[in-house]
Amino acid sequence: MASVPSPGSRVARRYKKPGRLFDTLLTQSTRIVPSSFRSPMDEEQPLQEKIAFFNQLDALDKLDEEDDRIDAREQQHRAKCKAFFQPAVPTVKEKGNPINPLSSPRPHPEPRRTTSVLTPTAPTPAPGGSAEIIKATPEATTIDSTTSRTRRRLIADTSTSFIAETPIPDSTRPRVLTTLRRSITMPVSASASAAEQSPSATTALRKRKRSSSGKVIPESAQIFRGLSFFYIPNDDVAPARKLRIAKAKDYGAEWVRSLHNATHVIVDKHLSYSDIQKIPEFGLAASLIVVNDEYPIDSISFRTLLNPDQSRYRVTGFPSPTSESTVITISSRDSEPSLQVKEPKSAGRQSARKQDTEGSEGTPRQEDSSFENPRPTKTTQAGPFEIQIQSSVPPHPTAQTTDGPKDELTSYIELLQQYKDLPLDHEEDDDIQSTKDAQEDSDPEPGSEDERARKKPATRSRASLKKTIPFEDRFACNRGGTKDNPASSAANNPNARTIEVLQSMCDYYTKINDRWRITAYRKAITTLRQQTTKKITTAEEAYTLPNIGSRIARKIEEICTTNNLRRLQYANLEPTDKVLDLFLKIHDVGLSRANKWISQGHRTLEDLLTKADLSANQRISIEHYSDLTSRIPRSEVTQLAAFVQREAFLVDPDVELLVGGSYRRGSDTSGDIDFIVTKRGTTSCSDLVPFMNSLISVLYKKNFLVATLSQSRREGEGSKFLGCCRLPPGGKWRRIDLLLVPETEYGAALIYFTGNDIFNRSLRLLAGKKGMRLNQRGLFRDVMRGRGRVGVTEGELVEGRSERRIFEVLGVRWREPSERWC
DNA sequence: AGTCAGGTGCG
DNA sequence: CGCACC
DNA sequence: GACT
Ligand SMILES: O=c1ccn([C@H]2C[C@H](O)[C@@H](COP(=O)(O)OP(=O)(O)OP(=O)(O)O)O2)c(=O)[nH]1
Ligand SMILES: [Mg+2]
Numbered sequence: 052m053a054s055v056p057s058p059g060s061r062v063a064r065r066y067k068k069p070g071r072l073f074d075t076l077l078t079q080s081t082r083i084v085p086s087s088f089r090s091p092m093d094e095e096q097p098l099q100e101k102i103a104f105f106n107q108l109d110a111l112d113k114l115d116e117e118d119d120r121i122d123a124r125e126q127q128h129r130a131k132c133k134a135f136f137q138p139a140v141p142t143v144k145e146k147g148n149p150i151n152p153l154s155s156p157r158p159h160p161e162p163r164r165t166t167s168v169l170t171p172t173a174p175t176p177a178p179g180g181s182a183e184i185i186k187a188t189p190e191a192t193t194i195d196s197t198t199s200r201t202r203r204r205l206i207a208d209t210s211t212s213f214i215a216e217t218p219i220p221d222s223t224r225p226r227v228l229t230t231l232r233r234s235i236t237m238p239v240s241a242s243a244s245a246a247e248q249s250p251s252a253t254t255a256l257r258k259r260k261r262s263s264s265g266k267v268i269p270e271s272a273q274i275f276r277g278l279s280f281f282y283i284p285n286d287d288v289a290p291a292r293k294l295r296i297a298k299a300k301d302y303g304a305e306w307v308r309s310l311h312n313a314t315h316v317i318v319d320k321h322l323s324y325s326d327i328q329k330i331p332e333f334g335l336a337a338s339l340i341v342v343n344d345e346y347p348i349d350s351i352s353f354r355t356l357l358n359p360d361q362s363r364y365r366v367t368g369f370p371s372p373t374s375e376s377t378v379i380t381i382s383s384r385d386s387e388p389s390l391q392v393k394e395p396k397s398a399g400r401q402s403a404r405k406q407d408t409e410g411s412e413g414t415p416r417q418e419d420s421s422f423e424n425p426r427p428t429k430t431t432q433a434g435p436f437e438i439q440i441q442s443s444v445p446p447h448p449t450a451q452t453t454d455g456p457k458d459e460l461t462s463y464i465e466l467l468q469q470y471k472d473l474p475l476d477h478e479e480d481d482d483i484q485s486t487k488d489a490q491e492d493s494d495p496e497p498g499s500e501d502e503r504a505r506k507k508p509a510t511r512s513r514a515s516l517k518k519t520i521p522f523e524d525r526f527a528c529n530r531g532g533t534k535d536n537p538a539s540s541a542a543n544n545p546n547a548r549t550i551e552v553l554q555s556m557c558d559y560y561t562k563i564n565d566r567w568r569i570t571a572y573r574k575a576i577t578t579l580r581q582q583t584t585k586k587i588t589t590a591e592e593a594y595t596l597p598n599i600g601s602r603i604a605r606k607i608e609e610i611c612t613t614n615n616l617r618r619l620q621y622a623n624l625e626p627t628d629k630v631l632d633l634f635l636k637i638h639d640v641g642l643s644r645a646n647k648w649i650s651q652g653h654r655t656l657e658d659l660l661t662k663a664d665l666s667a668n669q670r671i672s673i674e675h676y677s678d679l680t681s682r683i684p685r686s687e688v689t690q691l692a693a694f695v696q697r698e699a700f701l702v703d704p705d706v707e708l709l710v711g712g713s714y715r716r717g718s719d720t721s722g723d724i725d726f727i728v729t730k731r732g733t734t735s736c737s738d739l740v741p742f743m744n745s746l747i748s749v750l751y752k753k754n755f756l757v758a759t760l761s762q763s764r765r766e767g768e769g770s771k772f773l774g775c776c777r778l779p780p781g782g783k784w785r786r787i788d789l790l791l792v793p794e795t796e797y798g799a800a801l802i803y804f805t806g807n808d809i810f811n812r813s814l815r816l817l818a819g820k821k822g823m824r825l826n827q828r829g830l831f832r833d834v835m836r837g838r839g840r841v842g843v844t845e846g847e848l849v850e851g852r853s854e855r856r857i858f859e860v861l862g863v864r865w866r867e868p869s870e871r872w873c
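What follows is the structure in structure tokens.
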């Protein structure tokens with residue numbers, strides 16, 4: 052994967068498996084009208100206006116951001132809490148026992164325990180999910196969701212008119228606007244059926260669903276219980292603040308209007324100490340806890356009252372805490388020398404990607420004039436008026452024409468839209484492949500047929516200029532790629548900047564551990580990267596592409612017009628981000644641990660080596676940080692391979708070793724070296740274990756192997772060895788992976804170990820959609836995945852030996868390893 | 001409203 | 001079960 | 001977030 056970080060890169064994969072804790076299930080808007088993303092202006096509109104428009108939207112987006120932020124943090128907090136996050140005391144040791152000097156009204160016993168109680172996250176797997184399993188089990192066929200879903204889709208297809216959103220009259224704001232922005236006009240054609248689905252249509256069209264804070268937080272979780280917050284400004288005019296206030300209330304805080312009965316003073320970020328001093332009776336605040344509005348948010352995030360003394364929560368200009376700053380002053384936390392740098396964007400140019408994350412701790416937000424003005428103005432009028440732009444825009448000719456390389460299987464992999472049933476379409480002008488068919492041929496007997504009957508009629512409308520094209524391109528992984536990146540990725544791709552920005556978004560979500568958004572962005576980026584011919588500028592254009600929906604499409608347009616994404620301005624950029632990246636590259640360190648360390652005040656590798664408690668692997672990994680994080684030139688991989696193969700031959704001449712991973716895909720550089728070890732005639736990896744043991748000991752003796760990170764020799768399971776090695780003379784430390792594979796599973800293992808990971812996943816996804824299951828041991832069929840999503844039946848082995856046959860059975864065109872970059 | 005790959009080892 | 005890894 |  053060379054330089055390109057996205058696919059397959061460690062970072063990209065860094066999200067962890069769900070563990071159902073992170074099943075975010077946030078909201079999701081279902082797009083119905085093709086142009087739901089459409090902004091009021093049309094293509095021809097002058098750039099200036101577009102920019103102006105975006106600026107106007109700033110306030111609103113801020114809101115969105117706020118939402119995201121909260122949502123995200125809610126997810127995040129679990130990870131952090133579990134990671135023994137220490138609420139108040141940033142000092143290194145002592146885990147439990149948070150000392151909350153000031154906010155002790157409600158001492159929180161032992162955070163860990165508390166958290167588990169607090170999060171009533173009841174996964175509730177919801178039964179009956181296997182709607183799309185083709186080979187559904189008899190009882191599983193009782194699919195219900197399909198009906199409503201289908202209905203919705205139909206409507207979607209019919210709408211032809213475009214909706215426009217009203218540009219916001221700047222001065223106005225808040226909720227009025229919010230509403231306005233979401234207001235939509237019902238497509239004429241759909242109006243007929245509007246009645247039956249109006250709610251969903253509305254939902255689908257509006258930009259996003261905002262969760263009402265109607266949820267009830269269990270009393271035990273109400274960390275603010277007993278506390279009284281006085282806000283400055285003390286009103287809920289600003290929607291974002293209103294939201295925060297509501298949130299605080301949810302957690303037990305009382306919103307007070309007077310300083311007299313307040314316990315905490317929550318100051319708007321944009322206000323400085325000198326500003327709030329003017330407040331009448333401000334003197335009272337001296338005895339109160341004064342923090343900025345980050346404090347409640349963070350506290351909620353961590354489900355515990357944090358130490359309000361942290362610089363992070365200090366109001367700008369607030370007389371510093373008598374300089375007795377507790378123990379250990381965490382440098383980076385408060386330092387932030389030039390906290391004024393800001394510099395929103397302007398010239399841009401800077402590499403958005405990595406280091407640009409130059410934010411400022413305490414003052415991360417730009418001025419963003421609009422958004423929450425201190426003065427108690429009240430929202431005024433706002434004459435919302437909806438504009439209907441009738442645009443008979445014909446379905447984009449694009450769609451499949453997008454670009455050259457397309458192959459059918461590509462289409463599969465990625466979207467696997469309707470693989471098998473991928474019907475007919477072809478010329479049939481009605482694109483509709485809309486797919487509804489998918490379900491119809493399959494089985495309706497159980498009971499829900501009635502509805503299904505009525506829905507199918509209508510439909511034939513084009514409307515969706517969206518990704519209709521069923522198979523044709525749906526990218527996935529076609530591209531050979533490895534070496535072209537030096538030149539191509541950087542200079543060649545016209546969408547470089549866009550990708551760069553989106554990648555930042557992706558990074559952001561990575562930090563937040565939002566699995567699905569990460570993959571969504573990853574996919575979007577991948578398809579964008581494949582548009583090598585022209586620059587995607589408008590939302591429509593972008594929306595046409597697979598895996599780019601309305602929201603990312605909008606962002607793309609914004610990026611192209613403003614060369615920036617407002618979302619990033621306040622979404623990202625904490626100074627600790629670089630540290631986070633630093634830590635994440637350590638083997639056996641993920642988000643959770645890295646964040647934990649950061650919260651403990653560690654900022655450098657040295658800190659970790661001296662102050663943190665590390666596992667053996669982590670220590671090794673830090674001690675050879677630079678070696679292990681640098682990529683291995685192909686030539687060196689070849690040498691390493693030769694070395695190992697030679698030794699292996701001496702141990703057992705019948706054993707075969709093949710280098711897989713990125714090397715097999717033709718990469719110029721690799722993050723590690725992956726060996727697939729097999730021997731003819733073997734049927735279980737246990738047959739190879741003895742060989743492995745001797746090989747490993749030999750390699751150690753030769754000073755080739757220098758560390759073992761993990762080793763598994765379970766019978767029946769694939770066994771693998773992960774360690775570190777180096778070329779004899781004293782080469783750099785390198786990561787090495789050995790996978791033991793019996794001959795009978797060779798093909799499957801080959802696919803697995805060759806990757807890349809995205810390719811594997813799409814293949815497996817495809818298999819799943821075909822009622823099969825693919826893993827590193829083979830391809831199985833008649834798999835029953837029932838309820839709980841857990842495989843009920845393992846399925847019957849179809850093929851495991853031959854890589855090619857697995858492809859065949861899956862109906863996927865053979866792909867050379869070099870074509871497996873997705 | 002559900003899905004988004006599928007597995008391992010460790011604590 | 002969560003985390004980290006492939 | 002995207003797609004079904
Ligand atoms: O989440 C994952 C990670 C990896 N793999 C497979 C594909 C991958 O190709 C192979 C080896 O993993 P590795 O981490 O070595 O990735 P790589 O493709 O070899 O890239 P790199 O150059 O970073 O080693 O294991 C997966 O199936 N799922
Ligand atoms: Mg590799």
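To get my numbering, take the position in the first sequence, counting from 1, and add 51. Where is the CB? At the ideal position from N, CA and C, for every residue including glycine.
Close Cβ partners of TYR714 (< 6 Å) along its chain, the five nearest in sequence each way excluded
Start at 1 with the first residue of the first sequence, and residue 714 comes out as number 663. Here the set comprises VAL688 and SER721.
May I ask whether a heavy atom of ligand 2 can be found less than 7 Å away from the beta carbon of GLY774? Your numbering for residue 774 matches position 723 in the first sequence. Between ligand 2 and the CB of GLY774, the shortest heavy atom gap is not smaller than 7 Å.
Worksheet item: Measuring CA to CA, which of LYS820, GLN762, LEU701 and GLU794 is closest to GLU854?
Response: For the purposes of this step, residue 854 is taken as residue 803 along the first sequence, with counting starting at 1. When each option's Cα is compared against that of GLU854, the closest is GLU794.
### Message
I'd like to know if the region 697-705 and the region 725-744 are in contact, where contact means that at least 3 CB-CB pairs between them fall below 8 Å.
### Response
As far as the Cβ criterion goes, the region 697-705 touches the region 725-744, which means the pair count is three or higher.
For ASP723 and ILE787, which I take to be in contact (beta-carbon distance under 8 Å), what is that distance rounded to the nearest angstrom?
The residue you call residue 723 lines up with position 672 of the first sequence. The residue you call residue 787 lines up with position 736 of the first sequence. About 6 Å; that satisfies the 8 Å criterion.
What would DSSP say about CYS775, mapped onto helix, strand or coil?
If you number the first sequence from 1, residue 775 lands on position 724. Residue state, collapsed to three classes: strand.
Exercise for the section: Following the continuous alpha helix (DSSP H) through LYS636, name the residue where it begins and the one where it ends. Expected result: Walking along the first sequence from the start, residue 636 turns up at place 585. Per DSSP, LYS636 belongs to no alpha helix (DSSP H) and is neither H nor E.
Query raised in the report: Quick one: any contact between the region 303-312 and the region 332-348, if contact means 3 or more CB pairs under 8 Å?
Result: Flag = yes, the region 303-312 and the region 332-348 touch.
For the region 280-287 against the region 314-321, are there 3 or more C-beta pairs whose distance is under 8 Å?
With a cut-off of 8 Å on Cβ pairs, the region 280-287 is in contact with the region 314-321, counting three or more such pairs.
- Task: Can you say whether GLU859 is buried or exposed, counting buried as having 16 or more other CB atoms within 10 angstroms of its CB?
- Result: Counted from its first residue, the first sequence places residue 859 at position 808. Classification for GLU859: exposed.
How far does the beta strand (DSSP E) with ASP788 in it extend, from its first residue to its last?
Counting from one through the first sequence, the residue named residue 788 turns up at place 737. First-last of the beta strand (DSSP E) with ASP788: 785-793.
* To do: Using beta-carbon positions only, say whether SER35 and HIS638 come within less than 8 Å of one another.
  => Outside the displayed span of the chain (52 to 873) sits residue 35, for which this structure offers no information.
Problem - Continuous beta strand (DSSP E) stretch holding TRP567: start and end - result: Sequence index remark: in the first sequence, residue 567 carries index 516 (1-based). Unbroken run through TRP567 is the alpha helix (DSSP H), 566-581; no beta strand (DSSP E).
Report the three-state DSSP secondary structure of TYR302 (helix, strand or coil). Indexing the first sequence from 1 puts residue 302 at position 251. In this structure, TYR302 counts as coil in the three-state DSSP scheme.
Practice problem: Return yes when the Cβ of LEU790 is within less than 8 Å of the Cβ of GLY774, no when it is not. | Solution: Working through the first sequence from its first residue, we reach residue 774 at position 723. Working through the first sequence from its first residue, we reach residue 790 at position 739. If you check the CB distance, GLY774 and LEU790 do not come in under 8 Å.
Problem - Which of helix, strand or coil DSSP assigns to ARG828 - result: Within the first sequence, the letter at position 777 stands for residue 828. ARG828 falls in the coil class under three-state DSSP.
Q | Top-ranked residue by Cα proximity to ALA575, from PHE275, SER735, SER555 and ALA799 | A | The residue you call residue 575 lines up with position 524 of the first sequence. Closest option to ALA575, Cα to Cα, is SER555.
(Q) Looking at the strands, I want to know which residues DSSP matches up with GLU854. (A) Reading the first sequence from its first residue, position 803 is the one you call residue 854. In the DSSP output, where bridge partners are listed per residue, GLU854 has none listed.
Candidates PRO359, LYS320 and TYR324, of which the one nearest ASP344 by Cα
Looking up residue 344 in the first sequence gives position 293. Measuring C-alpha to C-alpha distances from ASP344 to each of PRO359, LYS320 and TYR324 identifies LYS320 as the nearest.
Next on the checklist: If contacts are defined as beta-carbon pairs under 8 Å, then ILE649 and VAL630 qualify, I think. What distance do you get, rounded to the angstrom?
Outcome noted: The residue labelled residue 649 in the question sits at position 598 within the first sequence. The residue labelled residue 630 in the question sits at position 579 within the first sequence. At roughly 6 Å, the Cβ-Cβ gap stays under 8 Å, so ILE649 and VAL630 are in contact.
For SER718, count the other beta carbons within 10 Å of its own beta carbon; 16 or more makes it buried, fewer makes it exposed. Which is it? Along the first sequence, read from residue 1 onward, the residue named residue 718 stands at position 667. By the 10 Å Cβ count, SER718 comes out buried.
According to DSSP, is VAL860 part of a helix, a strand, or is it coil? As a working note, residue 860 is residue 809 in the first sequence. Helix at VAL860.
> Can you tell me where the beta strand (DSSP E) with LYS730 in it begins and where it stops?
Replying inline: Reading the first sequence from its first residue, position 679 is the one you call residue 730. That run of the beta strand (DSSP E) goes 724-730.
Which of the three DSSP states, helix, strand or coil, is assigned to SER279? Stepping through the first sequence from its first residue, residue 279 is reached at position 228. Assigned with DSSP and collapsed to three states, SER279 falls in strand.
Quiz prompt | Segments assigned alpha helix (DSSP H), at least 4 residues, entirely inside the region 682-751 | solution = Along the region 682-751, the alpha helix (DSSP H) occurs as fully enclosed runs of 4 or more residues at 685-702 and 712-715, listed in sequence order.
**Q.** DSSP state of ASN615 mapped onto helix, strand, coil
**A.** Your numbering for residue 615 matches position 564 in the first sequence. The answer is coil: DSSP assigns ASN615 none of H, G, I, E or B.
* Asked: Would the C-beta of SER721 count as close to ligand 2, meaning under 7 Å from any of its heavy atoms?
  -> Counting from one through the first sequence, the residue named residue 721 turns up at place 670. Relative to ligand 2, the nearest heavy atom lies less than 7 Å away from the CB of SER721.
Requested in this report: Could you tell me which residues DSSP pairs with SER869 in its beta bridges?
Outcome: In the first sequence, residue 869 corresponds to position 818, counting from 1. Assignment of beta-bridge partners to SER869 by DSSP yields no partner.
- request: Would you decide whether ASN754 is buried or exposed? Buried here means 16 or more other CB atoms lie within 10 Å of its CB.
  value: Looking up residue 754 in the first sequence gives position 703. ASN754 should be labelled exposed.
Helix, strand or coil: which one does DSSP assign to LEU310? Working through the first sequence from its first residue, we reach residue 310 at position 259. It is coil, neither helix nor strand.
- Message: I need the straight-line Cα distance from ASN598 to ASN807, nearest angstrom please.
- Response: Along the first sequence, read from residue 1 onward, the residue named residue 598 stands at position 547. Along the first sequence, read from residue 1 onward, the residue named residue 807 stands at position 756. Each residue's alpha carbon lies about 19 Å from the other.
Run the CB neighbour count on ASP893, radius 10 Å, all protein chains shown included, and call it buried at 16 or more, exposed below. Given that the chain is displayed from residue 52 to residue 873, the structure contains no residue 893 and the question cannot be resolved.
**OP:** Would you kindly report the start and end of the unbroken alpha helix (DSSP H) that includes THR680?
**Re:** Here residue 680 refers to the residue found at position 629 of the first sequence. Residues 676-680.
* By Cβ distance below 8 Å, which residues in the same chain neighbour THR680 in space, the five residues on each side in sequence not counted? -> Your numbering for residue 680 matches position 629 in the first sequence. Counting only Cβ-Cβ distances below 8 Å, and skipping sequence neighbours, we find LYS636.
Determine the burial state of ILE379: buried for a count of at least 16 other Cβ atoms within 10 Å of its Cβ, exposed for fewer. By 1-based counting over the first sequence, the position of residue 379 is 328. Confidence at ILE379 is low in this model, with a pLDDT of 27, below 50, so the placement of that residue should be treated as unreliable; the coordinate-derived value is given next. Residue burial is scored here from C-beta neighbours: ILE379 has fewer than 16 other C-beta atoms within 10 angstroms and is therefore classed as exposed.
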